[in-house]
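A quick write-up on the structure given underneath.
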Amino acid sequence: SQTIHQWPATLVQPVGSPLSLECTVEGTSNPNLYWYRQAAGRGLQLLFYSVGIGQISSEVPQNLSASRPQDRQFILSSKKLLLSDSGFYLCAWSVPGPVGEKLFFGSGTQLSVL
Amino acid sequence: GESVGLHLPTLSVQEGDNSIINCAYSNSASDYFIWYKQESGKGPQFIIDIRSNMDKRQGQRVTVLLNKTVKHLSLQIAATQPGDSAVYFCAENDPDSSASKIIFGSGTRLSIRP
Numbered sequence: 058s059q060t061i062h063q064w065p066a067t068l069v070q071p072v073g074s075p076l077s078l079e080c081t082v083e084g085t086s087n088p089n090l091y092w093y094r095q096a097a098g099r100g101l102q103l104l105f106y107s108v109g110i111g112q113i114s115s116e117v118p119q120n121l122s123a124s125r126p127q128d129r130q131f132i133l134s135s136k137k138l139l140l141s142d143s144g145f146y147l148c149a150w151s152v153p154g155p156v157g158e159k160l161f162f163g164s165g166t167q168l169s170v171l
Numbered sequence: 180g181e182s183v184g185l186h187l188p189t190l191s192v193q194e195g196d197n198s199i200i201n202c203a204y205s206n207s208a209s210d211y212f213i214w215y216k217q218e219s220g221k222g223p224q225f226i227i228d229i230r231s232n233m234d235k236r237q238g239q240r241v242t243v244l245l246n247k248t249v250k251h252l253s254l255q256i257a258a259t260q261p262g263d264s265a266v267y268f269c270a271e272n273d274p275d276s277s278a279s280k281i282i283f284g285s286g287t288r289l290s291i292r293p
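Line by line, the protein sequences are chains A and B.
Numbered by this note's numbering, the letters in the first sequence go through residues 58 to 171 in order.
Numbered by this note's numbering, the letters in the second sequence go through residues 180 to 293 in order.
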């Protein structure tokens, strides 16, 4: 069966520090991978998605970047965090279903930038 | 469309009653829609999906209705239980994207009265 691992679960970082969040998927090949961000009590904002190794589409201009060094690994990074980068970060993968393509989410990383 | 900046509207329902959560979309070319349930501190979970060539799809205690004429989607939960308390998001495949880009609506918080 397919599983998605996302870590860490919580992270407290000072302003100006770097960031690296990692996500890995098991049990599937060539998945589409996604990074979403969610502010407290708000909806989900698509940050990046990837349809293959080295292929990254950016949705929101900001100081974050994403990379996909391996088929089932998706990394979210920043060189210098801002206060506004605080939020709940969710990695997801998708697979075609009988009706269409559906997302499966990781457990999320709660990032607090202080 | 994406409304990540809005506070979540709340629906309060008596336990045992049916719940109806609504969602509007703007792109008439959207052809695939999904409902997700997000419990506090967790990633969203897939509930049910529907393609635009259907107007109704049923699952266990849930039904999704699609009205393409008015670009409206609804999720009906039968005999609402305390475990149904969560935030519910509708999502759609972006028809203007060449890849599988999935955009979330603003979400509705469902609370259950005992």
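Beta carbons are placed, not taken as given, at the ideal position from N, Cα and C, and that holds for glycine.
Check whether the Cβ of residue i lies closer than 8 Å to any Cβ atom in chain C.
i	result
residue 147(A)	This model lacks chain C altogether; the protein chains it does include are A and B.
On the DSSP bridge list, what partners appear for residue i?
i	result
residue 291(B)	192(B)
residue 168(A)	68(A) and 144(A)
residue 208(B)	According to DSSP, residue 208(B) bridges with nothing at all.
residue 153(A)	158(A)
residue 217(B)	266(B)
residue 61(A)	82(A)
residue 281(B)	272(B)
Counting C-beta neighbours from all protein chains within 10 Å, is the total for residue i 16 or more, i.e. buried, or is it exposed?
i	result
residue 103(A)	buried
residue 184(B)	Any reading at residue 184(B) must be qualified, since the residue scores a pLDDT of 46, below 50, and its modelled position is unreliable; the value itself is stated next. Looking at its Cβ environment, which holds fewer than 16 other Cβ atoms inside 10 Å, residue 184(B) is exposed.
residue 140(A)	exposed
residue 121(A)	buried
residue 263(B)	buried
residue 67(A)	exposed
residue 101(A)	buried
residue 239(B)	exposed
residue 199(B)	exposed
residue 220(B)	exposed
residue 170(A)	buried
residue 95(A)	buried
residue 246(B)	exposed
residue 155(A)	exposed
residue 232(B)	exposed
residue 287(B)	buried
residue 197(B)	exposed
residue 180(B)	Any answer about residue 180(B) is weak, because its pLDDT of 42 lies below 50 and its placement is not dependable; what the coordinates show is given next. With fewer than 16 other Cβ atoms within 10 Å, it is exposed.
residue 69(A)	exposed
residue 290(B)	exposed
residue 292(B)	exposed
residue 237(B)	exposed
residue 87(A)	exposed
residue 60(A)	exposed
residue 234(B)	exposed
Along the beta strand (DSSP E) that carries residue i, what are the first and last residues, could you check?
i	result
residue 198(B)	198-203
Just confirm the distance between the C-beta atoms of residue i and residue j, as a whole number of angstroms; I'd bet it's less than 8 Å.
i	j	result
residue 133(A)	residue 78(A)	4 Å
residue 259(B)	residue 195(B)	7 Å
residue 211(B)	residue 272(B)	4 Å
residue 250(B)	residue 203(B)	6 Å
residue 283(B)	residue 270(B)	5 Å
- request: Give, in chain order, every unbroken run of the beta strand (DSSP E) that is at least 3 residues long and sits entirely within the segment 228-271 of chain B.
  value: 235-237, 241-246 and 251-256
message: In chain order, what are the residue ranges of uninterrupted beta strand (DSSP E) at least 3 long that sit wholly in the segment 66-134 of chain A?
response: 67-70, 76-83, 89-95, 101-109, 112-115 and 121-127
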